[in-house]
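Quick note, the sequences are listed as chains A and B, same order. 347 is the number that the numbering used here gives the last residue of the first sequence; the numbers go up by one with no jumps. 700 is the number that the numbering used here gives the last residue of the second sequence; the numbers go up by one with no jumps. Don't be surprised by glycine CBs; every beta carbon is placed ideally from N, CA and C.
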Amino acid sequence: MEEEYGILENTVRDFSAKFIENNALKIENEGINETLIRSLAEQGFLSMAYQQGVGKAIDMKAFALILENLAKTSPSVAVKVLLTNLFLTLATEESILNEVSSGSKSGTVVLSELLGGYSPKERLAINGNRIQGKKEFVVDSDASFIITLVDSGELVLLKSGFSKDAKHKRLGFRGLDFSTISVNSDNFDVIAKNGLVELRNAYSRMAIPIAAIAIGIAEGSISKAVEYAKVRMAFNHYLKDFQPIAFNLSSNLAELSMLKQYLSYIVGLEKNSTEALFLKTRSMEAAKEISKNALQTHGGYGYLEDFGVEKFYRDSMALSILFYNEEKEMEQLSEYVFDSKAGFV
Amino acid sequence: MDFDEMDDMKEARERARTFAEKYFTEELAESADRDEKFPMDLVEISRKEKILDFSNPWKILVSIEELCRRDPGLGISVTITAFGSENLMLFGSDYLKEHYMNSVLEGKKTMGLGVTEAGGGSDVSSVRTEAKKEGDHYVLNGGKMFISNGQIADFFVVLARTSPPPSPEKRHRGLSTFVVESSAPGFTANKLHGKLGVRATNTAELIFDNVKVPEQNLIGEEGKGFYYIMTFFNISRIYVAAQGLGIAQGALDRMMEFAKNSTNLANEGDLKEEIHFAIAEVATRIEAARNITYKAASYLFNFNPNPVVTSMAKYYAAETAVFAAKKALEITGLTGITSKLERVYRDSKILEIWEGTSEVEKLIISRMMTKNQGGN
Ligand SMILES: Cc1cc2nc3c(=O)[nH]c(=O)nc-3n(C[C@H](O)[C@H](O)[C@H](O)COP(=O)(O)OP(=O)(O)OC[C@H]3O[C@@H](n4cnc5c(N)ncnc54)[C@H](O)[C@@H]3O)c2cc1C
């Protein structure tokens, strides 16, 4: 079994080297193109949550490996894969599942209600047999299908009748669109009446995959910094020779290595929701801290997109806001720790 | 000891704040950031309104703070057009002052400073650009990297090597500073695209291909360039610290705004403590950074510069700006990341890099302190 994961990891690395590495900047500036989406689908990366005959259970270890390794070169691509699979865990219609997992159509899920600092300015309501209004904060708003909550609490799948509206500022994941959508649709399914619970459960199941993206971001940035520190000189020394640089990067790597070990350990547990939150909270911090160090190690060059390290700085922060609600998830963790509601005042 | 601001500081602060509120629209800030376009029209207005009063450094300091508080990219663009002028003020001949410096201070010309090279920025003495004396002029060959105002400045103060170092340990010797005009034949500026932040500012790589520089454009004495540049940094770092104070204060403003409008209540009318703590931590750091910065400024403006305190101010204010922007985003979440705060987060990071990285500032602080050359 371990061998299979090793093979998978190599496959993702080869895939990244072939399809992403040299296009990483292009992906940031022009978006993820159809060819790449098809290639992701061909590898099966878009259908981890939907394999015919296997049902909807995701092999978490495999999924985490894929996301981690994609995020090392393009966090945008990793997020695309995450959202597609999240979509597949929620959608039910066979034809849509087929289209999305084959990459011929795309699907996304709106998570805003679960995130911190959320206060809707727009409304999205079911009126008779139509859904009308707007929905803000749609990551990958170019998608053909969108799963979102409506004001009355149902989780719905929009199949058509929506279009992109105002674009949001994009700190991170610039390979994906991030906008408000305008909806006037009679082509939708209600997936769950108690939508918030369904959405929250699906989101919670993604704690390890999201942590894997954070770990990938940290790895991607630190490997650049380590390579740079080996060749860049200042004051007649390689940067790696200076204690603050060598010690910081080494201690970052130590932390990363432990997070990776912990991830491998918890994916094997039968129940791991608490551990998944432990991992997620630490991985988010690590990604932010490590990508900052990596940028700093590059000096002025770190500030330029050509060096491919500033995107990790942006993406780590974007991840910790668009796929993590520090307050809520820490409250949840505190409840586990204290065995009763805690950390809410 | 009096911690109250002088009246003319208060007046300058108010003027800068009013100016920024009026002209630093979100639309302009956003388009300058998106298109990486230097806001020349805005600079012209600020010059007309004399937003920077070069006769009083305290007024400059608080103006930078207020402008960066509203928007770092626009604030820095408006206040950076005389970047490097202190070199001329302190060490330039009357000719250089009249011919170059005055036009910048009067707002008619723009200048820049070319120290960093592709091969190294922290290690200033590693400069490879060469200036060879030929008759009544020098011939400049080499290049500079990451130069602010690179494409828009009329001239630059450039650090170049005029003689080989006496030994590998004494590479800081044999360097000289010159005024180099951007219209000179052989001068090229290539814009650097794709910066993380401060995208309103113009940054370029400069190339000197047999650029002739008249000998009267040598600043001060030949061979003293390194010393002049270090002296200059001890001034400019105080203004970078002011940028940091402004950016941090702007982030705190957003946090306060969020807190006031927040539905994030524990009990009726009472914010949750995480938000209280974040505000308190950021506000306290700003206060500390401001005190160090004003102390460094006070030493400098009274002609008694203290490089240790100056480096402390630059290092701490820069880190405070980055810390504040990060905290502000974390607290405001989706609201923040879709607001101008995301830009502030990107902008703030430059402060830990330019004009001496945080690491370089720490080295200056401890090296000078262990040699009993400053501090308290
Ligand atoms: C947008 C922008 C505008 C700029 N504007 C100007 C300008 O107008 N004029 C100008 O001359 N320059 C300018 N700079 C250059 C800036 O000052 C340099 O980037 C900065 O000084 C760092 O130099 P470097 O990039 O070569 O990094 P390096 O010197 O290569 O440093 C790389 C890393 O190593 C660290 N390091 C180096 N030495 C040590 C040591 N001994 N111990 C521990 N760590 C160490 C550094 O702190 C940094 O983290 C600008 C840069 C940018 C990005």
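Asked: For A:A26, collect the residues of the same chain with a Cβ closer than 7 Å to its Cβ; drop the 5 residues on either side in sequence, then sort them by chain order.; Found: T75, S76, G310
Asked: Taking buried to mean at least 16 other C-beta atoms within 10 Å of its own C-beta, is B:N585 buried or exposed?; Found: exposed
Asked: By the DSSP assignment, the alpha helix (DSSP H) with B:H461 in it spans what residues?; Found: Premise fails: B:H461 lies in the beta strand (DSSP E), 461-472, not in any alpha helix (DSSP H).
Asked: Shorter than 6 Å, the distance from the beta carbon of B:A528 to the closest heavy atom of ligand 1, or not?; Found: no
Asked: Can you give me the start and stop residues for the alpha helix (DSSP H) that A:V111 sits inside?; Found: Where A:V111 is concerned, there is no enclosing alpha helix (DSSP H), although the beta strand (DSSP E) it sits in stretches over 109-111.
Asked: Can you tell me whether DSSP reads B:F479 as helix, strand or coil?; Found: strand
Asked: Any C-beta of chain B within less than 9 Å: which residues of the segment 220-247 of chain A qualify?; Found: R234, M235, A236, F237, N238, F244, P246, I247
Asked: Name the chain A residues whose beta carbon is nearer than 8 Å to that of B:A590?; Found: F346, V347
Asked: Comparing the C-beta of A:L173 with each C-beta of chain B, is any distance below 7 Å?; Found: yes
Asked: Determine which residues share a DSSP beta bridge with B:R485 and list them.; Found: B:E454, B:L499
Asked: If the cut is a Cβ gap below 9 Å, which residues of chain B does A:Y205 touch?; Found: Here the premise fails: no neighbours, minimum Cβ distance about 14 Å.
Asked: Please name the residue or residues paired with A:I183 in a DSSP beta bridge.; Found: A:K137, A:K166
Asked: Starting from B:G436, follow the beta strand (DSSP E) in both directions and report where the run begins and ends.; Found: 435-438
Asked: Could you say which of B:F582, B:L499, B:S507 lies nearest to B:G549 if we only look at CA atoms?; Found: B:L499
Asked: Could you check if B:V428 is buried or exposed, using at least 16 other CB atoms within 10 Å of its CB as the buried criterion?; Found: buried
Asked: Name the residue from A:G155, A:E124, A:S206 whose alpha carbon lies nearest to the alpha carbon of A:D167.; Found: A:E124
Asked: Count Cβ pairs between the segment 663-681 of chain B and the segment 300-320 of chain A that sit closer than 8 Å; are there 3 or more?; Found: yes
Asked: Along the chain, where does the beta strand (DSSP E) that runs through B:P490 open and close?; Found: B:P490 -> no beta strand (DSSP E), and no H or E assigned at all.
Asked: Just to make sure I have the definition right: I need the residues of chain A whose C-beta is within less than 9 Å of the C-beta of B:K494. Which are they?; Found: Per Cβ cutoff of 9 Å: no residues; B:K494 is ~13 Å from chain A at best.
Asked: Please go through the segment 553-635 of chain B and give each complete beta strand (DSSP E) segment of 3 or more residues, from N-terminal end onward.; Found: 589-591
Asked: Alpha carbon to alpha carbon, how far is A:K82 from B:K456? Give it in angstroms, no decimals.; Found: 56 Å
Asked: State the DSSP-derived secondary structure class of B:R670, mapped to helix, strand or coil.; Found: helix
Asked: Taking Cβ to Cβ, would you say B:V522 is nearer than 7 Å to B:I400?; Found: yes
Asked: Could you say which of B:E493, B:P631, B:L520, B:P509 lies nearest to B:D533 if we only look at CA atoms?; Found: B:P509
Asked: Report the option in B:M435, B:G431, B:A528, B:F479 whose CA atom is closest to the CA atom of B:F704.; Found: The question about residue 704 of chain B has no answer here: the residues shown for chain B are numbered 325 through 700.
Asked: Taking Cβ to Cβ, would you say A:L159 is nearer than 7 Å to A:I193?; Found: yes
Asked: Of all the CB atoms in chain A, is at least one closer than 7 Å to the CB of B:S560?; Found: no
Asked: Just to make sure I have the definition right: I need the residues of chain B whose C-beta is within less than 7 Å of the C-beta of A:A320. Which are they?; Found: I661
Asked: Using DSSP with H/G/I as helix, E/B as strand and the rest coil, what is B:E505?; Found: strand
Asked: With a threshold of 8 Å, are at least 3 pairs of Cβ atoms found where one atom belongs to the segment 204-212 of chain A and the other to the segment 273-285 of chain A?; Found: yes
Asked: Whose Cβ in chain A lies nearer than 8 Å to the Cβ of B:G445?; Found: G301, G302
Asked: Counting Cβ pairs, one atom from each stretch, are 3 or more of them under 8 Å apart for the segment 621-629 of chain B and the segment 145-159 of chain A?; Found: no
Asked: Shortest alpha-carbon distance to B:I562 belongs to which of B:Y424, B:P381, B:K433, B:P363?; Found: B:P381
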